[in-house]
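Asks: I'd like to ask some things about the structure below.
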Amino acid sequence: MTDTARRFETLSSRVQRIENALRRSGVQAIDMRRAGTLESDVLLPQIGGEQLADTPEIEYLEGTHDHIEQRSIPRQNATHFRWFIDGSQKTMPVWRIGVVPIVVSIAVAGLLERNAQGECYLVPGSLRESLIWIVPQQTNNGDIRALVDILEDLGQEVIDPLHGEDEYHRIAGIYDQVLFYANETAGKQRELAEFAIARAWEEAHRHDSGNDWLVIDGRLAIDTARAIGLIKNPQGQHLAGLDAVTLLNLPAGHRTTAYRTTSRASARTHFYQRMWPSEGLDARRALIRIELNGDDRDTEQFDEIASWLMAERVPTPKADSRWPTLLYPVHLLERMLKQRINAITAGWPV
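Following this line, the structure appears as structure tokens:
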């Protein structure tokens, strides 16, 4: 990754240097800087949720052990969540060469800590930043090859979103498909930054004896016992049949009984809970899924975690459509990360 923190430069300044080199080389690149972001492109399938080809086999860990049940979450104001990891990205088409869009993606991830007084701050040294250019490089187009050479000569990182001859044959000449895979590549780069922070946290707190926990906004990427993954938009369908009906009928302030997927390479313990009422709204509203390590069947522990999550809810509606699933510390961290992205993209048309 190109670490933007080592030598700060706005995207506009960086693009100006690249365009000067393109003109000297005679490369014809069509300007796309007002095209907006891939994250907000309603014509583009969005990346970020897991996609399961089939409903996985599950093992029931609570209740009657033969179906999913609903449980009321005990309400308390206490929480043992102390650390929070999240990432943010902005992915934008900059030029087009022929039918191939040239995309830049900025990703920022960080670790938020909340002290005993309730004050939240970004942990020093935890910030991970990257700026990458996403370009299909094996198109046999001389201008694209020249662009890649210029980017690399100027110290930029270039990643190819396509892999293998078959994928190139099917996709490289289809404009919206290249954008889709560029968006997917950007999401993977952000996830790598989040994973690096999680691994550093795990190493630093491996021998802690307290009861403070880490929340990772997304899939659980480490094996420590005191961490959870918070999936705010669970697109993968774990539950089917009557179990799915039980889930979609889940009242606010309730959780499902816990279960474990048995057909996944990395089996985790899961449960769903609903953070806010959904009557009259989409059945998925305010549903989150929690991932934990191990195969514990500790109902008291599951209830505790669910109650901590309820205590962390964002108290008032936000413009962000995801607010029913947001935790307040994660909301604060996202604001910090977006401010950093805004600094990098200062002066950009979008």
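Numbering (the numbering used here) for the sequence shown: 816 to 1165. In this text, a Cβ means the ideal position worked out from N, Cα and C, and glycines have one as well.
1) Identify the residues that DSSP records as bridge partners of H1085: which are they?
2) Mapping the DSSP letters down to three states, classify W1091 as helix, strand or coil.
3) Does the distance from the C-beta atom of T1166 to that of A1011 stay below 8 Å?
4) Give the secondary structure of L927 by DSSP, where H, G and I count as helix, E and B as strand, and everything else as coil.
5) I need the DSSP call for P1139, collapsed to helix, strand or coil.
6) Can the beta-carbon of S945 be found closer than 8 Å to that of A1008?
7) Between which two residues does the beta strand (DSSP E) holding M1125 run?
8) Locate the alpha helix (DSSP H) running through T1061, then write down its first and last residues.
9) If I measure Cβ to Cβ from I1043 and keep anything under 8 Å in the same chain, skipping five residues before and after, which residues do I get?
10) Determine the closest residue to W910 out of H895, L837 and E928, with distance taken between C-alpha atoms.
11) Using the DSSP secondary-structure output, state which residues sit across from D1032 in a beta bridge.
12) Quick one, are the C-beta atoms of I883 and L1054 less than 8 Å apart?
13) With L876 and A1073 assumed to form a contact (beta carbons below 8 Å), what rounded beta-carbon distance in angstroms separates them?
14) For the putative contact between V915 and P939, defined by C-beta atoms under 8 Å, what is the C-beta separation to the nearest angstrom?
15) Would you grab the beta carbon distance between E874 and R1075 for me? Rounded to a whole angstrom, and I think it's under 8 Å.
16) Along the chain, where does the beta strand (DSSP E) that runs through S887 open and close?
17) Compute the Euclidean distance between the alpha carbons of M816 and R943, then round it to the nearest angstrom.
18) Helix, strand or coil: how does DSSP classify G863 here?
19) So, at 7 Å on beta carbons, what are the nonlocal neighbours of T954 in its own chain, with the 5 sequence-adjacent residues on each side left out?
20) Quick one: Cα of Q971 to Cα of F823, how far?
21) Exposed or buried, H1085, counting other C-beta atoms within 10 Å across all chains shown (16 or more means buried)?
22) On the criterion of 16 or more Cβ atoms from any shown chain inside 10 Å, does E934 qualify as buried, or is it exposed?
23) Could you compute how far the alpha carbon of V973 sits from the alpha carbon of Q992?
24) For V1060, count the other beta carbons within 10 Å of its own beta carbon; 16 or more makes it buried, fewer makes it exposed. Which is it?
Replies: Looking at the atomic coordinates:
1) H1085 is bridged to Y1074 and E1106.
2) Coil, per DSSP.
3) Past the boundaries of the shown model lies residue 1166; the chain is included only from 816 to 1165, so the question cannot be answered.
4) The three-state secondary structure of L927, taken from DSSP, is strand.
5) In this structure, P1139 counts as helix in the three-state DSSP scheme.
6) Between S945 and A1008, the CB-CB gap stays under 8 Å.
7) Premise fails: M1125 lies in the alpha helix (DSSP H), T1114 to A1126, not in any beta strand (DSSP E).
8) Per DSSP, the unbroken alpha helix (DSSP H) holding T1061 starts and ends at G1056 to L1063.
9) Residues of the same chain with a CB within less than 8 Å of the CB of I1043, apart from the 5 flanking positions on each side, are W1028, L1029, V1030, I1031, L1035, I1105, E1106, L1107 and I1120 in chain order.
10) Nearest of H895, L837 and E928 to W910, Cα basis: L837.
11) D1032 is bridged to L1045.
12) Yes, Cβ-Cβ distance for I883 and L1054 is below 8 Å.
13) Their Cβ separation, rounded to whole angstroms, is 4 Å, which keeps L876 and A1073 in contact under 8 Å.
14) That pair is no contact at about 41 Å.
15) Approximately 5 Å separates the beta-carbon atoms of E874 and R1075; this is inside 8 Å, confirming the contact.
16) Looking at the DSSP string, the run of the beta strand (DSSP E) that includes S887 is Q885 to S887.
17) Low local confidence applies: a pLDDT of 46 at M816 is under 50, so the model's placement there is unreliable, with the coordinate-based value given in what follows. Those two C-alpha atoms are separated by around 10 Å.
18) Because the pLDDT at G863 is just 46, under 50, the model does not fix this residue reliably, and the point stays unresolved.
19) Cβ contact annotation for T954 (same chain, cutoff 7 Å, sequence separation greater than five): V915 and A987, in chain order.
20) Going from the Cα of Q971 to the Cα of F823 covers about 13 Å.
21) Buried, by the Cβ-count rule.
22) Taking all protein chains shown into account, E934 has fewer than 16 neighbouring C-beta atoms within 10 Å of its C-beta and is therefore exposed.
23) Note on geometry: alpha-carbon atoms of V973 and Q992 lie some 18 Å from one another.
24) Exposed is the call here.
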